[in-house]
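Visitor: So the protein lines, in turn, are chains A and B. Sequential numbering from 1 applies to the first sequence in my numbering. Sequential numbering from 1001 applies to the second sequence in my numbering. Ideal placement from N, C-alpha and C gives every residue a C-beta, glycine not left out.
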Amino acid sequence: MVKLVPNKPQYNISSQYNKYCMIEDRQYLIAAQVERWDLFARLTPTAFLLTSLVLILFDIIDFETAFYVGLVGFATTAVVWWWWAIITIKHLVITLNRASKNLNEVSREIVRATQEIEALKNGS
Amino acid sequence: MDLKRYALIKAATNVISGFSMVTLIILGVAYMSFDNAFVFQDVKIEIVNNPIKKHDDINFTMIGSKKHECASTQVYGIAYSDDGHMHRLDTFTKQYTRNTRPGEPIPNQWSMAVPDDMIAGGEYRVSMTGDFICNYLIFQKEKSQTYDNILLVVDPR
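Here it is as structure tokens:
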């Protein structure tokens, strides 16, 4: 089967890049969760529909039971997905801000380095 | 499994899942609508021969429309007297029309014998209750509907 989530990268935990490793781990986790949500969304409705129909057909449950089980499942999924989305968005915004901040720092460093080179050129 | 086949399977499961979701939502909404609907709408029940003379039966008339296909399984009345006594009316001397068609107001009428324990006569408030089995699409449900406060006046027996 084709895996859309890349293999989990291996890090030296004791290295100075611990913080970045944790960020990478989190991103890996989010990608895996997105794939799981995708699989859940593709399989659950059909599985629930077919299971309910079979159980109703064999008189094991009635329509009311199937309806309330579906309603509870739908509500639970909605609430869990909502909180997952909020937490993930928060994480992505933090990551984006951090990346933006780092880029700004790099940009400032380049400007400073250019100025220093210019000063060196002018001094010589 | 190669990428093309994987993409095809993924697309197919997406379509099937979409159709399943649409089916579930439609069936869910239809079931809620069916579950919450009353058996009769715009319903009116009256006793047309008040006061009931000594050897007469109680003649009921009714008009109302049904939203779904519903067949009655049991129909009875409870007459409440002012002093708190209850009298069960369940002896039909003239039957009502059963399984009236849904969708339009249908007049109906029936007669019931005066219970033996109503010898004192007087004023009563009758509650008519019907138990039904209703069908809609693939759903079936037992329902009950009561029409309260029908005035009954009985002469002493």
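What does the alpha-carbon distance come out to for the pair A1007/B and R36/A?
Guide: Position 7 of the second sequence, counted from the start, is the residue given in the question as residue 1007/B. Position 36 of the first sequence, counted from the start, is the residue given in the question as residue 36/A. Straight-line Cα distance between these residues: approximately 16 Å.
Visitor: Taking G1122/B as the reference, which of Y1080/B, A1030/B, Q1095/B has the closest Cα?
Guide: Counting from 1 along the second sequence, the entry for residue 1122/B is found at position 122. Answer by Cα proximity: Y1080/B.
Visitor: Using the C-alpha atoms, what's the distance from Y1147/B back to D1042/B?
Guide: Residue 1042/B sits at position 42 when you count from the first residue of the second sequence. Residue 1147/B sits at position 147 when you count from the first residue of the second sequence. So the two alpha carbons sit approximately 11 Å from each other.
Visitor: Check whether the Cβ of L55/A lies closer than 9 Å to any Cβ atom in chain B.
Guide: Residue 55/A sits at position 55 when you count from the first residue of the first sequence. No, L55/A lies away from the interface with chain B (no Cβ there is under 9 Å from its Cβ).
Visitor: Identify each residue in the segment 1023-1035 of chain B for which the Cβ-Cβ distance to at least one residue of chain A is less than 7 Å, and report them in chain order.
Guide: Those residues of the segment 1023-1035 of chain B that come within reach of chain A (Cβ to Cβ, closer than 7 Å) are T1023, L1024, G1028, Y1031.
Visitor: Does any residue of chain A have a CB that is nearer than 9 Å to the CB of F1132/B?
Guide: Translated into positions along the second sequence, residue 1132/B becomes position 132. Taking Cβ atoms only, chain A never reaches closer than 9 Å to F1132/B, which makes this a no.
Visitor: At which residues does the alpha helix (DSSP H) containing K1004/B begin and terminate?
Guide: Taking the first residue of the second sequence as 1, we reach residue 1004/B at position 4. Counting along the chain, the alpha helix (DSSP H) containing K1004/B begins and ends at 1003-1036.
Visitor: Across which residues does DSSP place A78/A in a beta bridge pair?
Guide: Mapped onto the first sequence, residue 78/A falls at position 78. According to DSSP, which records beta bridges pairwise, A78/A is partnered with nothing at all.
Visitor: Using a Cβ cut-off of 9 Å, pull out every chain B residue sitting near F67/A, in sequence order please.
Guide: The residue labelled residue 67/A in the question sits at position 67 within the first sequence. Under the 9 Å cutoff, chain B gives L1027, G1028, Y1031, M1032, D1035.
Visitor: With H, G and I counted as helix, E and B as strand and the rest as coil, what does DSSP make of Y1080/B?
Guide: Walking along the second sequence from the start, residue 1080/B turns up at place 80. Note: Y1080/B maps to strand in three-state DSSP.
Visitor: From G1130/B, V1126/B, D1116/B, R1125/B, pick the residue whose C-alpha is nearest to that of H1055/B; which is it?
Guide: Numbered from its first residue, the second sequence carries residue 1055/B at position 55. Out of G1130/B, V1126/B, D1116/B, R1125/B, D1116/B has the C-alpha closest to the C-alpha of H1055/B.
Visitor: Could you check how far apart the C-beta atoms of I1045/B and V1114/B are, in whole angstroms? I think they sit under 8 Å.
Guide: Along the second sequence, one-based indexing puts residue 1045/B at 45. Along the second sequence, one-based indexing puts residue 1114/B at 114. With a Cβ gap of about 17 Å, I1045/B and V1114/B do not count as contacting.
Visitor: Which residues in chain B have a C-beta closer than 9 Å to the C-beta of A41/A? List them in chain order.
Guide: Counted from its first residue, the first sequence places residue 41/A at position 41. Going along chain B in sequence order, the residues near A41/A (Cβ under 9 Å) are N1014, S1017, M1021.
Visitor: Note the first and the last residue of the continuous beta strand (DSSP E) segment covering C1098/B.
Guide: In the second sequence, residue 1098/B corresponds to position 98, counting from 1. Looking at the sequence provided, one finds Arg at residue 1098/B rather than Cys. Taken as a continuous stretch (DSSP letters only), R1098/B belongs to no beta strand (DSSP E), as it is neither H nor E.
Visitor: Quick check: is the beta carbon of I1138/B nearer than 9 Å to any beta carbon in chain A?
Guide: Mapped onto the second sequence, residue 1138/B falls at position 138. Yes, I1138/B lies at the interface with chain A (some Cβ there is under 9 Å from its Cβ).
Visitor: Where does D59/A fall in DSSP's three states?
Guide: Numbered from 1 along the first sequence, position 59 holds the residue referred to as residue 59/A. Residue state, collapsed to three classes: coil.
Visitor: Return the Cβ separation of T1093/B and S1111/B in integer angstroms, given the expectation that the two are a contact with Cβ distance under 8 Å.
Guide: Counting from one through the second sequence, the residue named residue 1093/B turns up at place 93. Counting from one through the second sequence, the residue named residue 1111/B turns up at place 111. Yes, T1093/B and S1111/B are in contact; Cβ-Cβ is about 5 Å, under 8 Å.
Visitor: Look up M1118/B in the DSSP assignment and give the residues it is bridged to.
Guide: Counted from its first residue, the second sequence places residue 1118/B at position 118. Note: M1118/B sits in no beta bridge, so no partner.
Visitor: Can you pull the chain B neighbours of F63/A, defined as C-beta to C-beta under 7 Å?
Guide: In the first sequence, the residue the question calls residue 63/A occupies position 63. Per Cβ cutoff of 7 Å: Y1031, F1139.
Visitor: Mind checking which residues open and close the beta strand (DSSP E) that includes D1042/B?
Guide: Taking the second sequence and counting its residues from 1, the one referred to as residue 1042/B is at position 42. That run of the beta strand (DSSP E) goes 1040-1047.
Visitor: N1059/B bridges to which residues according to DSSP?
Guide: Reading the second sequence from its first residue, position 59 is the one you call residue 1059/B. Per DSSP, S1111/B.
Visitor: For L49/A and Y1076/B, what's the separation of their Cα atoms in angstroms?
Guide: Start at 1 with the first residue of the first sequence, and residue 49/A comes out as number 49. Start at 1 with the first residue of the second sequence, and residue 1076/B comes out as number 76. Roughly 40 Å between the two C-alpha positions.
Visitor: Put R1157/B into one of helix, strand or coil per three-state DSSP.
Guide: Walking along the second sequence from the start, residue 1157/B turns up at place 157. Coil at R1157/B, not helix or strand.
Visitor: Taking 9 Å as the CB-CB limit, is F123/A close to chain B?
Guide: Mapped onto the first sequence, residue 123/A falls at position 123. Reading off the sequence shown, one finds Gly at residue 123/A, where the question assumed Phe. By this cut-off, G123/A is not an interface position.
Visitor: Could you tell me whether the segment 98-106 of chain A touches the segment 59-78 of chain A, where touching means 3 or more Cβ pairs closer than 8 Å?
Guide: No, they do not touch.
Visitor: Within a Cβ cutoff of 6 Å, which residues of the same chain sit near M1059/B, ignoring the five residues on either side of it in sequence?
Guide: On the second sequence, residue 1059/B is found 59 positions in, with the first residue counted as 1. With the sequence shown as reference, residue 1059/B is identified as Asn, and Met is not the correct amino acid for it. Correct list, in chain order: V1048, N1049, S1111.
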